[in-house]
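Each residue of the sequence shown is one higher than the one before, counting from 1 in this note's numbering.
The beta carbon of each residue, even a glycine, is placed where N, CA and C say it ideally should be.
Here the structure is a predicted model, which is why all the values come from computation and not from measurement.
This report concerns only the one structure given below.
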Amino acid sequence: MKPIYIIGFMGAGKSSVGSLLATLNHLQFIDTDIFLEARFRKSIRDMFVEVGEERFRQREHSVIEELSGMNDTVIATGGGLPCFHNNMALMNETGKTVYLEASDEALFDRLCLCKRTRPAICNLSEEEIREFVHATMLKRRPVYEQAQYRISAEQLMNRDDEVRLAQEIAESLNL
Ligand code: S3P
């Protein structure tokens, strides 16, 4: 089976739902952020600071090209990955794409809880994060919406919600 790509904004639940989806269906799981960190032996945060976003996006592109050949694998992508270097088209051509969809408000609430680890927002105030989510989603939504499947991740508070979403994805994809 070709790869299943889980895409969406930071805080949408890609890694937690994606890894559950993989476990429940006996598939491998890869998170592109963790893959990049292991390959370059640097945290995403340090990579952004040391080589800059443009270089980071090139690295993401070569990683997703490489991973697109994997079978029986769920791949959770970084939030920005689909929006650079034609990666969305590449993923649609090489596997199944699932967009975890959530409103700006829900994303804002979740991001405020875990902003420290995220280079794009770690130095922003709450008001700036709200503006960042809104402005970035305006640009990214049209790309995310090119996914073949859309699953609402609006309600994602606990493990039960994650399991429910993973099951919903499995049913939609006929796994
Ligand atoms: C980014 C999202 C992050 C990570 C990097 C940039 C983005 O991934 O790739 O910090 O531009 O939205 P997550 O969506 O897994 O947090």
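Phenylalanine 29 sits away from arginine 57, with the two beta carbons spaced by 9 Å or more. In the DSSP annotation of this structure, the continuous segment of the beta strand (DSSP E) that includes threonine 97 starts and ends at 96-101. Taking 8 Å as the upper bound for CB-CB distance, threonine 32 and isoleucine 75 are in contact here, some 7 Å apart. Scanning its chain for C-beta atoms nearer than 8 Å, with the 5 sequence neighbours on each side dropped, one finds around phenylalanine 35 the residues Val63 and Leu67, in chain order. By the Cβ neighbour-count rule, asparagine 86 is exposed, with fewer than 16 other Cβ atoms within 10 Å of its own. Going by DSSP, arginine 41 is part of no alpha helix (DSSP H) at all; its letter is neither H nor E. The residues Ala170 and Leu175, in chain order, have a CB closer than 7 Å to that of asparagine 25 in the same chain once the five nearest residues on each side in sequence are set aside. Apart from sequence neighbours up to five positions away, the residues of its chain that approach serine 172 with a beta-carbon distance below 6 Å are Tyr149, ordered along the chain.
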